[in-house]
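Scroll down for the structure; my scribbles are underneath it.
There are 2 protein chains.
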Amino acid sequence: MGIERDQVVRTALRLLDENGLEKLSLRRLAGELGVQAPALYWHVPSKRALLDHMTDVIVAPLVPELAGPSDPAAWPDWLRRTAGLLHEALLAHRDGGAVALGAGLHRAVALGAVAERIVEVLHEAAGLDLADASRGAGTVLQLVIGRTVEEQALTDVTPEALAEVRSRFPSMAAALALRQGPDDDAASFRFAVDLLVEGLRAVAPPDRAD
Amino acid sequence: MGIERDQVVRTALRLLDENGLEKLSLRRLAGELGVQAPALYWHVPSKRALLDHMTDVIVAPLVPELAGPSDPAAWPDWLRRTAGLLHEALLAHRDGGAVALGAGLHRAVALGAVAERIVEVLHEAAGLDLADASRGAGTVLQLVIGRTVEEQALTDVTPEALAEVRSRFPSMAAALALRQGPDDDAASFRFAVDLLVEGLRAVAPPDRAD
DNA sequence: ACCTGAACACCGTTCAAGT
DNA sequence: ACCTGAACACCGTTCAAGT
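Residue numbers (the UniProt record's numbering), protein chains in the order written: chain A, 1 to 210; chain B, 1 to 210.
In structure tokens, the structure reads:
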């Protein structure tokens with residue numbers, strides 16, 4: 001009796017949390033499972049596929065939360081909440097953003113379900129045509145995942161690099177001084193999501209509730 | 001008389017255009033320059049630094065175009081134009097988006113200058129406080145670079161993967177059908193930038209010109 | 001059905017030594 | 001100042017062969 005794909009994916013997720021994405025190799029993963037690296041290719045066709053399935057597990061907690069807004073006019077709040085939930089799910093795993101970046105939605109089905117739901121809500125509740133609804137949904141996912149990647153990566157910004165940026169670019173230096181403190185990541189995430197939601201409100205057809 | 005850093009960076013850019021980012025290794029680059037791989041470490045401290053300098057060259061065409069809007073009230077048009085110019089500059093090199101993704105602004109100085117200018121315009125012309133101006137600028141860069149990465153990467157989406165997405169997610173399937181055609185990338189880019197610009201207008205203090 | 005052994009074709013980086 | 005030789009410590013992936 002050998003290993004199963006689900007076990008492979010969950011072990012990979014544990015190694016990710018312990019050592020980060022750049023230490024997650026198929027050889028290490030195989031070692032952890034007590035097999036040789038090529039054995040993994042029976043369970044998974046490539047490393048990218050493994051990362052896609054890991055993304056599926058990472059984003060799975062969102063799926064029960066995807067019911068649309070009870071009141072269609074409340075779609076902006078629903079979208080903010082959904083973006084926040086995705087952000088949290090990605091932050092819950094070390095390098096979760098980087099794993100999800102570029103994931104194929106055919107394998108990261110939970111992420112696909114999030115995308116699908118956002119398209120529906122932007123189409124049906126916000127009143128965008130389907131093409132723009134899907135563009136909007138893509139932009140939301142890209143922004144949430146992209147911001148999470150930066151948040152989880154900024155360990156490796158050296159103080160010297162920061163000092164150089166500061167000395168070259170005075171407005172950014174002043175801005176960085178204002179953005180000290182542990183809540184800045186959360187505030188910046190909220191700000192970015194708000195920009196998008198307000199932008200979507202601006203391009204959406206006017207609602208009777210306005 | 002040996003090689004110079006500028007020569008290293010420009011040769012790297014040529015190899016990038018010819019073979020793409022995943023084939024750009026320090027060994028190949030060294031071979032192209034007629035030296036051994038470790039020789040590159042005299043000119044550049046790491047591969048990431050090389051990519052940062054490549055980003056600097058890629059984004060350099062923007063620098064002469066960075067004068068702010070003549071009329072402060074015209075900042076939304078200025079921002080759309082600047083985003084478009086950055087997009088074009090990144091598209092001008094194979095995998096240009098991926099190279100710029102995560103570049104350090106202390107070495108990719110031209111990209112730093114773009115960021116700095118956007119912060120200034122959002123602060124002085126749009127009237128955002130400095131913290132939000134820098135958050136807004138960061139969001140713009142992230143969106144432009146992120147969309148360019150996706151645009152330049154979508155060669156490797158297999159038809160089978162697409163078919164699976166289509167069969168699982170009906171709204172996305174319908175949306176994809178509407179988004180056929182060669183202009184969709186440009187339209188989607190414009191849509192995403194518009195979302196952000198409209199969002200910024202919404203959070204900016206009202207202007208006398210409104 | 002599930003895995004191993006052995007190999008292919010590579011990586012980025014370090015560092016003593018050479019000129 | 002600029003580069004080589006040799007090595008360290010790895011990678012993802014393929015494929016014939018084994019059980």
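No residue lacks a Cβ here, since even glycine has one placed at the ideal position from N, Cα and C.
Take residue i and list the residues in its own chain whose beta-carbon comes closer than 8 Å to its own, dropping the five residues that flank it on each side.
{"i": "L85/B", "result": "P61, L62, E65"}
{"i": "G127/B", "result": "A204, P205, D207"}
{"i": "L105/B", "result": "L111, G112, A115"}
{"i": "S167/A", "result": "A173"}
{"i": "residue 213/A", "result": "The first residue shown for chain A is 1 and the last is 210, placing residue 213/A beyond what the model contains."}
Going by CA-CA distance only, name the one from the options that's closest to residue i.
{"i": "D185/A", "options": "H43/A, L21/A, R147/A", "result": "R147/A"}
{"i": "A173/A", "options": "E32/B, A49/B, A103/B, R117/B", "result": "R117/B"}
{"i": "H43/B", "options": "S188/B, L154/B, V8/B, H106/B", "result": "V8/B"}
{"i": "R10/B", "options": "P38/B, S46/B, H53/B", "result": "H53/B"}
{"i": "D207/B", "options": "V157/B, A125/B, E4/B", "result": "A125/B"}
{"i": "P69/A", "options": "R14/A, L195/A, V121/A, P182/A", "result": "V121/A"}
{"i": "D56/B", "options": "T155/B, G102/B, L79/B", "result": "G102/B"}
{"i": "L21/B", "options": "L33/B, S46/B, R81/B, V99/B", "result": "V99/B"}
{"i": "R48/B", "options": "G138/A, A161/A, I3/A", "result": "A161/A"}
{"i": "R190/B", "options": "S167/A, P159/A, R135/A, R201/A", "result": "R135/A"}
{"i": "D6/A", "options": "L33/A, P182/A, R201/A, D129/A", "result": "L33/A"}
{"i": "D129/A", "options": "A175/B, G181/B, N19/B", "result": "A175/B"}
{"i": "L15/A", "options": "A67/A, V35/A, D95/A, S46/A", "result": "D95/A"}
Assuming residue i contacts residue j under a Cβ cut-off of 8 Å, what Cβ separation, rounded to an integer in Å, is found between them?
{"i": "residue 246/B", "j": "V119/B", "result": "As shown, chain B starts at 1 and ends at 210. That puts residue 246/B outside it, with no answer to give."}
{"i": "V165/B", "j": "A83/B", "result": "So it is not a contact: roughly 28 Å between Cβ atoms."}
{"i": "A131/A", "j": "L195/B", "result": "About 14 Å; that fails the 8 Å criterion."}
{"i": "I58/A", "j": "H87/A", "result": "That belief does not hold up - the Cβ atoms of I58/A and H87/A are roughly 12 Å apart, past 8 Å."}
{"i": "R171/A", "j": "H123/B", "result": "Strictly speaking, residue 171/A in this sequence is Ser, with Arg absent from that position. About 7 Å separates the two Cβ atoms, so the contact holds."}
{"i": "G199/A", "j": "E198/B", "result": "4 Å"}
{"i": "A202/A", "j": "A202/B", "result": "6 Å"}
Kindly list the residues whose CB is nearer than 6 Å to the CB of residue i, restricted to its own chain and excluding five residues on each side of it in sequence; keep chain order.
{"i": "W37/B", "result": "One point to set straight first is that residue 37/B is Ala, not Trp, in the sequence displayed. Contacts found: L26, R27, A30."}
{"i": "G97/A", "result": "L90, I145, T148, V149, Q152"}
{"i": "L154/B", "result": "none"}
{"i": "D210/A", "result": "Note that D210/A scores a pLDDT of 48, beneath 50, so its modelled location is shaky; the value from the coordinates is reported in the next line. There are no such residues."}
{"i": "T158/A", "result": "none"}
Tell me which same chain residues have a C-beta within less than 7 Å of the C-beta of residue i, skipping the five on either side of it?
{"i": "L40/B", "result": "V8, L26, L29, A30"}
{"i": "A12/A", "result": "L24, L29, L50, M54"}
{"i": "F169/A", "result": "none"}
{"i": "R80/A", "result": "V193, V197"}
{"i": "E18/B", "result": "none"}
{"i": "V35/B", "result": "I3"}
{"i": "A67/A", "result": "none"}
{"i": "A163/A", "result": "none"}
Is the closest heavy atom of the ligand HEM to the C-beta of residue i under 7 Å?
{"i": "G104/A", "result": "The ligand content of the structure shown is nil, which means the ligand HEM is not present either."}
Quiz item: Is there contact here, the region 65-81 of chain A with the region 133-147 of chain B, by at least three beta-carbon pairs under 8 Å?
Solution: Result no; under three Cβ-Cβ pairs closer than 8 Å.
Quiz item: Can you give, in chain order, each stretch of the alpha helix (DSSP H) that sits fully within the region 100-131 of chain B and has at least 4 residues?
Solution: Qualifying alpha helix (DSSP H) stretches, in chain order: 109-124.
Practice problem: Ignoring anything shorter than 4 residues or poking outside the UniProt domain "HTH tetR-type" (2-62) of chain B, list the alpha helix (DSSP H) runs there in chain order. | Solution: List check, alpha helix (DSSP H) in window: 5-19, 26-33, 40-43, 47-59.
Exercise. Entirely within the region 137-184 of chain A and at least 3 residues each: give me those beta strand (DSSP E) ranges in chain order.
Key: Restricted to the region 137-184 of chain A, not a single beta strand (DSSP E) segment is unbroken, complete and at least 3 residues in length.
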